[in-house]
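For the sequence shown, our numbering begins at 74 and goes up steadily by one.
C-beta atoms are modelled at their ideal positions from N, C-alpha and C, and glycine is treated no differently.
Predicted, not measured: the structure shown is a model, and the values here were computed from it.
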Amino acid sequence: MARTSEHDIPAIGVEARNIALRLRDAGHGAFLVGGCVRDMLLGRVPGDFDVATSATPDRILALFPRAQPVGAHFGVMLVGEVEVATFRSDHDYRDGRHPDHVHFETDPRQDALRRDFTINALFLDPASGRVLDFVDGRRDLDLGVIRAVGDAASRFAEDHLRMLRAIRFAARLGFSIDEQAAAAIGRLAPRIHAISAERIRDEIARILTEGHARRGFELLDETGLLAEILPEVAAMKGVEQPPEFHPEGDVWIHTRMMLQAMAGEGTPPPSLTLALGILLHDVAKPPTFRVADRIRFDGHAELGARMARAILERLRFSNATVDRVEALVAHHMRFKDAPRMRESTLKRFLRMDGFDEHLELHRIDCGASHGNLDNYEFVRAKLAALPVEQLKPPRLLTGDDLIAMGLAPGPAFKQILEDVETAQLEDRIATREDAIRFVEQRFSAPIARTSPQIPQGAEP
């Protein structure tokens, strides 16, 4: 099995090893534990490092006075950037997430037995490099299996979030989920609603962006979790599409193909907003499905944008994320009209916030369906040919300028200024003087003046 060399270990890993060695020098058992050990044994560079020790929180604090309690009830202290946790056994998970009480232990075996999966229950001696394996975790690493420690149903009943974690690990590592664990998730899937929306959100985000998102969502579907947490996505299954545009098959097949394509070999992981946009871009096809001259999904982009917002707000995503994904869904059908857009409309389209994500979603959408990239190439060529100052030129007039011209402030100002910009984007005007003449010629009659006209014969 591949090994990660010391030169590959980030600084936090060196810090974690030094913390463990200091605990050992003080007479305590201490090991690197969990995901960092798993990743190093797989030849991966760990993202974070944890330490497990026989030292109680008060002893940890005595050795590291600047340590901060992050879960004192559970014996977890933060030393620098490293979580240091006392060996423990957990008892009675009545809320489906946290143990009601814990018992501090001195034996790492007891700590291993309370963990979620065998591959996450491995301990690494920081001095000798020897791995302590009480649950056959190394065997499961070799087999590529996600297996619960002990009875799977019991582990998932203790902490329902472990069901989603099983999916995430299996997808990211390319592992299978063993039969007992998969069956237990299928039985217990409805209990996922006891978990906070924020925790479910975080797992979905990781499944989408840590690699192999397609496999992750297929596992969510196979285990019944998808219908529980994203029923709108589960509804895509079996929704047919017009074969002349979508020879690949139904909406669910199309979406899975896009999830697979969004992170190609050797490319960086997708942004969360792009991944969510891909997942939800056709979310309104099931409710808008109809058969006329052909299969149609009238208004699915507009309805999809509203549905995407509702889904993401339900899962407590940030406002910025919700806004961006809503825009991605709302505009994903506009590329087909790009070659026929007015110049001003096209330029406004190209300068939308995050347009690179709009463009990438369109490319992947085409690649997972008809394969025609003509509109994509047209837009790319336009982007290359148009400098920023042509896409978003300096404003020629402001509301204050309109007032100075004698126009009364009101709702019409917005339309006037937009029309001025349209003329500017279409190269019909280029200077402030051009803009003033444009307004005077086009808007002098219908727009009220700031000085009312005086009736004939009346005194001024």
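Which parts of the segment 368 to 456 are runs of the beta strand (DSSP E), unbroken and 3 residues or longer, counting only runs that do not cross its ends?
With a minimum length of 3 residues, the continuous beta strand (DSSP E) runs that stay inside the segment 368 to 456 are 368 to 370.
Minimum C-alpha distance to L353 - residue among D215, V395 and G377
For the options D215, V395 and G377, the alpha carbon positioned closest to that of L353 is the one of G377.
Closest Cα partner of D184 within the set V106, E156 and V493:
Closest option to D184, Cα to Cα, is V106.
Using 10 angstroms around the beta-carbon of I489, count the other beta-carbons present and answer buried if the total reaches 16, otherwise exposed.
Burial call: buried.
So, for T361: in the same chain, excluding its five sequence neighbours on each side, which residues have a beta-carbon less than 7 Å away from its beta-carbon?
Excluding residues within five positions, the ones whose Cβ falls inside 7 Å are F370, D371, G372, H373 and L376.
Once DSSP output is grouped into helix, strand and coil, what is the label at T296?
Helix.
For a test of the three-state rule: what should DSSP assign to M609, helix, strand or coil?
A query on residue 609 cannot be resolved here, the shown segment of the chain reaching from 74 to 533 and no further.
L446 versus G440: straight-line alpha-carbon distance, rounded
About 8 Å.
Using the C-alpha atoms, what's the distance from I92 back to A158?
Using only the alpha carbons, I get a separation of about 12 Å.
Taking the Cβ atom as the reference point for each residue, do I268 and H233 lie within a distance shorter than 8 Å?
Yes. Within cutoff.
Let's see if you can read the secondary structure: which residues bound the alpha helix (DSSP H) around E276?
A270 to T282 is the extent of the alpha helix (DSSP H) around E276.
Cα-Cα separation between I384 and L464, rounded to whole angstroms:
Rounded to the nearest whole angstrom, the C-alpha separation of I384 and L464 is 33 Å.
Cut-off 6 Å between Cβ atoms - residues of its own chain near L349, not counting five sequence neighbours on either side:
Hits under 6 Å: V398.
Simplified DSSP assignment, three categories, for S344:
Three-state result, S344: coil.
Less than 7 Å between C-beta atoms, sequence neighbours within five positions excluded: which residues of the same chain meet that for A300?
Spatial neighbours of A300 in its own chain (CB-CB distance under 7 Å, excluding positions within 5 residues in sequence) are listed in chain order as A307.
Hey, how far is the Cα of G444 from the Cα of R161?
Rounded to the nearest whole angstrom, the CA to CA distance from G444 to R161 is 55 Å.
Using the C-alpha atoms, what's the distance from I351 back to K455?
I351 has its alpha-carbon roughly 24 Å from the corresponding atom of K455.
I'd like to check one pair, V208 with A225: are the Cβ atoms closer than 8 Å?
Not in contact: A225 and V208 (Cβ atoms no closer than 8 Å).
Among G311, R241, M380 and R220, which has the Cα closest to the Cα of R287?
Residue R241 is the option with its Cα nearest to R287.
Just how far apart, CA to CA, sit R182 and A381?
A direct Cα-to-Cα measurement between R182 and A381 gives close to 46 Å.
Supposed close pair I273, L345 - CB separation, criterion 8 Å:
Contact between I273 and L345 does not hold, since the beta-carbon distance rounds to 15 Å and is not under 8 Å.
Since A125 and F104 should fall inside the 8 Å C-beta cutoff, what is the C-beta to C-beta distance between them, to a whole number of angstroms?
Contact holds; Cβ gap of about 5 Å.
Which residue marks the beginning of the beta strand (DSSP E) containing Q497, and which one marks its end?
Q497 -> not in any beta strand (DSSP E); alpha helix (DSSP H) instead, spanning A485 to L498.
Assigned exposure category for P528 - 16 Cβ within 10 Å defines buried:
Low per-residue confidence applies at P528: pLDDT is 37, beneath 50, and the placement is therefore not dependable enough to give any value.
Is R363 buried or exposed, if buried means 16 or more other CB atoms sit within 10 Å of its CB?
The residue is exposed, with fewer than 16 neighbouring Cβ atoms inside 10 Å.
Quick check on V191: buried or exposed, where buried means 16 or more other Cβ atoms within 10 Å of its Cβ?
The question names Val, but residue 191 is Thr in the sequence shown. Around the beta carbon of T191, 16 or more other beta carbons lie within 10 angstroms, which makes this residue buried.
Where K358 and P138 are concerned, what is the direct C-alpha to C-alpha distance, given to the nearest angstrom?
One Cα belongs to K358, the other to P138, and the distance between them is close to 58 Å.
So, at 6 Å on beta carbons, what are the nonlocal neighbours of R505 in its own chain, with the 5 sequence-adjacent residues on each side left out?
Cβ neighbours of R505 beyond the five flanking positions: L469.
Please report how far the alpha carbon of T418 lies from the alpha carbon of G427, in whole angstroms.
If I take the Cα positions, the gap works out to 17 Å.
Along the chain, where does the beta strand (DSSP E) containing P142 start, and where does it finish?
That run of the beta strand (DSSP E) goes Q141 to G144.
Could you give the residue range of the beta strand (DSSP E) that holds V106?
Residues A103 to V106.
Within the chosen definition, does the segment 111 to 118 reach the segment 94 to 103 through at least 3 CB pairs nearer than 8 Å?
Counting Cβ pairs under 8 Å, fewer than three are found: no touch.
Bridge partners - F290, DSSP secondary structure assignment:
In the DSSP assignment, F290 forms no beta bridge with any residue.
Using a 10 Å radius around the Cβ and a threshold of 16 neighbouring Cβ atoms, would you call G259 buried or exposed?
Exposed, since its Cβ has fewer than 16 Cβ neighbours within 10 Å.
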